[in-house]
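One structure is given here, and the rest of the page talks about it.
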Amino acid sequence: MANGALRVAVVGCGNISGPYGETLRAYPTIEIAGATDVDRGLSAEFVERFGGIDYPSLEELLGDGHVDAVVNLTSHGVHAQVTAAALEAGKHVHSEKPLAASYAEARSLVELADACGVRLSCSPITFMGEAQEEAWRLLAAGAIGTVRVAYAEVNWGRIETWHPRPEPFYRIGPLADVGVYPLTILTAIFGPARRVTAFGRVVLPERTTTGGEPFSVLAPDFGVAVIELEDGLIVRLTTSFYVTQASKQRGIEFHGDDGSLHLSSWQEFDAALELTHDGQPSRQVSVAPAFRGTDWGRAVAELGRAIMERRPHRATGAHAAHVVEILDAIETSATEGRPTEVRSSFPRPSPPGTRRPPAPENGNDRGQTQPLP
Ligand SMILES: NC(=O)c1ccc[n+]([C@@H]2O[C@H](COP(=O)([O-])OP(=O)(O)OC[C@H]3O[C@@H](n4cnc5c(N)ncnc54)[C@H](O)[C@@H]3O)[C@@H](O)[C@H]2O)c1
18 MANGALRVAV VGCGNISGPY GETLRAYPTI EIAGATDVDR GLSAEFVERF GGIDYPSLEE
78 LLGDGHVDAV VNLTSHGVHA QVTAAALEAG KHVHSEKPLA ASYAEARSLV ELADACGVRL
138 SCSPITFMGE AQEEAWRLLA AGAIGTVRVA YAEVNWGRIE TWHPRPEPFY RIGPLADVGV
198 YPLTILTAIF GPARRVTAFG RVVLPERTTT GGEPFSVLAP DFGVAVIELE DGLIVRLTTS
258 FYVTQASKQR GIEFHGDDGS LHLSSWQEFD AALELTHDGQ PSRQVSVAPA FRGTDWGRAV
318 AELGRAIMER RPHRATGAHA AHVVEILDAI ETSATEGRPT EVRSSFPRPS PPGTRRPPAP
378 ENGNDRGQTQ PLP
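Quick note, in our numbering, the sequence shown goes up one by one and the last residue is 390.
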């Protein structure tokens, strides 16, 4: 790091790299060192827009001592191999989700980061959004009493109608692509999952890209899972690439002994919050000022600050690996028709508005966390 700035290079310059570039460059503590993509035209476009070097290959990017951290925005299926190469090259990594294709692979990346003495951070990071943090504060303050049930709705619609490369999304399905958002928020707030019971099915198997190419759906495009958390919370999660965002069922509902809280989106930082308490009429909770939409760069900036301050960062690889274990368990349960255990744990991210104690010199994401207040 130079002059307090984390020098980051982006690997994978597709659809989401533009929103990442826009949000990363808004942070004075981040320098965009460059980018690479197997499609050289895309990395050229990225660096023309956001600056830095257009690296001809991943190897050349990783060989540049000026780069502190890699932001891995490649397609789902290559996340783990790109992350492993970057960690082995001594770079910190922030990866898009899911961290890896299986829990075993995800866990090995967490161990590799430890062994290499570098940080591993992973999306989704939307528990850092203003609306999501306000929900967390309200729940921690007991605004609806003990929370025993949550409904998480991920009706994400038909990716092929807008994304130029939809197949990778249908290879992993809505659960691993977007179900991870509420799973990460819920486990950040309430702690680890312990058991799942699930159903999944392909309901619309043949799709067509915007370019007119037919392709087949490989993972369930509709699924429902009941996830039991260690602290007793029961989560019902719906994920779909069939039901569109026109669905009235959106966001996360938290239901407690004394009331309910509805967070209208698990992704938008300026989501609406509606609180119902003690049978009173519901009221909107003001969340201002909030970032409009999703600040993709926020976790990368937080990672840089955490490295500078020698404390654990909030979006850890260990947490993302736990979420991947939940995905594996949901798949097993849906396939074998039986409840499936989840065993891993992770250091809880520090709750909003609190500070964590300093970590050891090259402390990575194994640091201890403060309990929920
Ligand atoms: N598109 C979105 O709205 C969105 C939102 C949030 C997160 N994400 C996540 O971001 C990631 C990328 O999504 P996207 O929509 O940008 O996909 P995309 O297909 O548009 O982009 C992926 C890019 O990675 C490149 N790539 C693949 N393998 C590579 C390798 N080995 N080395 C270098 N480059 C490689 C591809 O050429 C492509 O340009 C996915 O994990 C997705 O889950 C996407």
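Every residue, glycine too, gets a C-beta built ideally from N, C-alpha and C. Everything numeric in this text was worked out from a predicted model, so none of it was measured.
The C-beta separation of residue 133 from residue 105 comes to about 6 Å, placing the pair in contact by the 8 Å criterion. In this structure, residue 49 and residue 321 do not form a Cβ contact; the two beta carbons are roughly 12 Å apart against a cut-off of 8 Å.
If the five residues before and after residue 161 are omitted, its C-beta is found closer than 7 Å to the C-beta atoms of 271, 273, 275, 276, 277, 278, 294, all from its own chain and listed in chain order. DSSP, read as helix, strand or coil, puts residue 271 in strand. Going by C-alpha positions, residue 167 is about 44 Å away from residue 57. Rounded to the nearest whole angstrom, the CA to CA distance from residue 97 to residue 346 is 19 Å. Closest in C-alpha terms to residue 22, from the list 52, 86, 100, comes 86.
Shortest gap from the CB of residue 298 to any heavy atom of ligand 1: 7 Å or more. Put simply, of 188, 157, 99 the residue whose alpha carbon is nearest the alpha carbon of residue 137 is 99. Annotated three-state conformation of residue 168 is strand, per DSSP. For residue 25, the enclosing beta strand (DSSP E) starts and ends at 23 to 28.
Apart from the 5 residues on each side of it in sequence, residue 222 sits with its Cβ closer than 7 Å to the Cβ of 233, 234 in its chain, given in chain order. Residue 366 has its alpha-carbon roughly 8 Å from the corresponding atom of residue 330. Taking 8 Å as the upper bound for CB-CB distance, residue 51 and residue 70 are in contact here, some 3 Å apart. With a threshold of 7 Å, the Cβ atom of residue 134 does not count as near ligand 1, since no heavy atom of the ligand is closer than that. By the neighbour-count criterion, in which a residue is buried when 16 or more other Cβ atoms sit within 10 angstroms of its Cβ, residue 265 is exposed. Here the distance from the Cβ of residue 203 to the nearest heavy atom of ligand 1 is not below 7 Å. For residue 152, the three-state secondary structure derived from DSSP is helix. Residue 204 and residue 77 have their C-alpha atoms roughly 37 Å apart.
Here the alpha carbon of residue 37 sits roughly 42 Å from the alpha carbon of residue 296.
Residue 150 has its CB no nearer than 7 Å to any heavy atom of ligand 1. Cβ-Cβ distances below 6 Å link residue 259 to 220, 221, 238, 239 in the same chain, with the five nearest sequence neighbours on each side left out; the list follows chain order. The beta carbon of residue 177 is closer than 6 Å to those of 183, 224, 226 in its chain, skipping five residues each way along the sequence. By alpha-carbon distance to residue 229, the top candidate from 26, 66, 179, 141 is 179.
In terms of Cβ geometry, residue 304 and residue 123 do not form a close pair [threshold 8 Å].
Along the length of the stretch 54 to 78, whole alpha helix (DSSP H) runs at least 4 residues long occupy 57 to 67, reported in chain order.
Check the Cα spacing between residue 369 and each of 206, 65, 250, 189: the tightest is with 206. Taking 8 Å as the cut-off, the Cβ atoms of residue 256 and residue 191 count as close.
In the displayed model, residue 234 falls within coil according to three-state DSSP, outside both helix and strand.
Under the three-state reduction of DSSP output, residue 245 falls in the strand class. Residue 299 places its beta carbon less than 8 Å from that of residue 292.
DSSP links residue 333 through a beta bridge to 138. The closest heavy atom of ligand 1 lies 7 Å or more from the beta carbon of residue 344.
Under the three-state reduction of DSSP output, residue 113 falls in the coil class, being neither helix nor strand.
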